[in-house]
Amino acid sequence: MGLFDIFKKKSQDSPQQQSEIIPNQPELQFVSLFFEHKPTIDKKQILKELKSRFKVVNSAEEDSSFTFFFPEYMIEMGDASIPAQGAIIQIDQKPNLERFEKAFQQSWHWDNSKIAMESCNFEINLTDLMSRTLPHQARLEYFQKFICAVVRATNPTVIYFRNSDKLLEPTDFLEACDSEQSSFLHGIMNIRLFNVSNDETLMDTVGLHAFGIPDFECRFKGYNPGEVAGALQNLAYYVFETGDNIQSNSTVQGLGKNPIWKTRYAYSKVEPSRLIVEVIPN
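So the sequence shown is numbered by the working numbering: it starts at 325 and just counts up by one.
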């Protein structure tokens with residue numbers, strides 16, 4: 325049995341059970357950039373970076389307008405079509421570190437995230453506009469290119485992905501995006517770990533829900549957390565890239581001596597509240 329047999333087996337849920345499942349709805353993509361010193365938002369430099377990643381980029385002529393249009397990614401709205409957009413919003417207040425306490429606790433990938441944030445005094449926000457109906461792959465693709473361009477042009481100290489509650493070092497993010505085998509979920513998905521008891525652990529992904537996709541959750545004991553994280557990551561990448569639907573009451577290949585693990589739809593045990601696929605070890 326292969327890792328992704330889960331996508332081939334028909335659901336055993338009754339029609340009534342399936343109708344009761346409320347899917348995740350796409351949410352705005354929202355990313356914050358933090359700086360030690362007040363950043364210079366040079367529109368010409370941003371456009372230069374954007375044009376190295378997009379065939380066509382449009383923007384209002386006013387230098388004060390920081391909304392950009394990407395005609396390669398068109399959204400159908402009734403009788404009209406409009407391009408996907410990305411916007412830069414400047415914030416005129418010092419970041420409140422209390423809002424990142426949970427993110428600090430789950431920054432296994434960056435030990436110095438809190439130290440870096442403590443040095444920051446300025447913030448700008450990036451968001452996508454008019455793009456929720458795009459296929460999730462295209463939606464992430466264009467917005468990630470937008471983020472990379474703005475990061476290159478402004479040189480922030482910290483990147484924060486709101487939907488995954490994840491803090492990233494800018495060079496780490498750019499390397500993940502620009503590598504030949506792009507880790508395209510590196511920013512928009514976090515894998516979190518929670519100690520449930522002395523010998524039991526809960527691990528989940530967070531961030532896929534913002535694209536209308538179920539996240540994954542696994543409660544386990546006796547397994548290596550790093551290996552469980554790898555299994556959840558593999559599932560997440562497969563689902564996001566292929567768009568295959570996961571069926572409840574099926575199986576995936578897990579870990580250990582009895583590696584056939586069951587799956588079922590559920591609602592998350594940890595905030596944010598969302599539909600998840602629970603992966604159940606034997």
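Ideal placement from N, C-alpha and C gives every residue a C-beta, glycine not left out.
Quick one, which of the options has its alpha-carbon nearest residue i's?
| i | options | result |
| --- | --- | --- |
| residue 361 | 404, 478, 394 and 597 | 478 |
| residue 488 | 346, 430, 482 and 371 | 430 |
| residue 535 | 417, 484 and 455 | 455 |
| residue 418 | 442, 400 and 398 | 442 |
| residue 390 | 451, 551 and 412 | 412 |
| residue 392 | 421, 467 and 416 | 467 |
| residue 445 | 425, 415 and 435 | 415 |
| residue 346 | 590, 531 and 605 | 590 |
| residue 521 | 530, 505 and 543 | 543 |
| residue 582 | 566, 592, 606 and 596 | 606 |
| residue 531 | 486, 558, 554 and 502 | 486 |
Anyone know if the C-beta pair for residue i and residue j falls short of 8 Å?
| i | j | result |
| --- | --- | --- |
| residue 541 | residue 600 | yes |
| residue 439 | residue 357 | no |
| residue 410 | residue 359 | no |
| residue 594 | residue 484 | no |
| residue 512 | residue 527 | no |
| residue 452 | residue 371 | no |
| residue 500 | residue 377 | no |
| residue 497 | residue 475 | yes |
| residue 551 | residue 579 | yes |
| residue 433 | residue 537 | no |
Let me know if residue i comes out buried or exposed under the rule of 16 or more other beta-carbons within 10 Å of its beta-carbon.
| i | result |
| --- | --- |
| residue 490 | buried |
| residue 602 | buried |
| residue 373 | buried |
| residue 334 | Annotation note: pLDDT 39 at residue 334 (below 50); position unreliable, coordinate value reported separately. Exposed, since its Cβ has fewer than 16 Cβ neighbours within 10 Å. |
| residue 492 | buried |
| residue 463 | buried |
| residue 384 | exposed |
| residue 437 | buried |
| residue 607 | This structure leaves residue 607 out entirely; the chain is present only between 325 and 606. |
Only counting the same chain, and skipping five residues up and downstream in sequence, which positions put a Cβ closer than 6 Å to that of residue i?
| i | result |
| --- | --- |
| residue 533 | 348, 539 and 598 |
| residue 427 | 489 and 491 |
| residue 545 | 523 and 524 |
Return the chain-ordered list of same chain residues with a C-beta closer than 8 Å to the C-beta of residue i, the five sequence neighbours on each side being excluded.
| i | result |
| --- | --- |
| residue 399 | 405, 406, 407, 408, 454, 455, 457 and 458 |
| residue 495 | none |
| residue 556 | 515, 527, 528, 529, 540, 542 and 603 |
Leaving out five residues on either side along the sequence, give the residues of the same chain with a beta carbon under 7 Å from the beta carbon of residue i.
| i | result |
| --- | --- |
| residue 341 | Interpretation of residue 341 is limited by its pLDDT of 48, a score under 50 that renders its predicted location unreliable; the figure taken from the coordinates is listed afterwards. Excluding residues within five positions, none has a Cβ falling inside 7 Å. |
| residue 330 | Reliability fails at residue 330, whose pLDDT of 35 lies under 50, so the model's placement of it is uncertain and the value that follows must be treated cautiously. Hits under 7 Å: 570, 571, 574, 575, 576 and 587. |
| residue 509 | 560, 561 and 564 |
| residue 396 | 378, 379 and 380 |
| residue 519 | 525 |
Completely contained alpha helix (DSSP H) runs for the segment 335-407, where each covers 4 or more residues: Taking only runs of at least 4 residues, the alpha helix (DSSP H) segments lying wholly in the segment 335-407 are 339-344 and 367-375.
Pick out the complete alpha helix (DSSP H) segments inside the segment 474-509, 4 residues or longer, and give them in chain order. 494-502
Any chance you could list the alpha helix (DSSP H) runs of at least 4 consecutive residues sitting entirely within the segment 547-594, in chain order? Fully enclosed alpha helix (DSSP H) runs of no fewer than 4 residues occupy 549-566 of the segment 547-594, in order along the chain.
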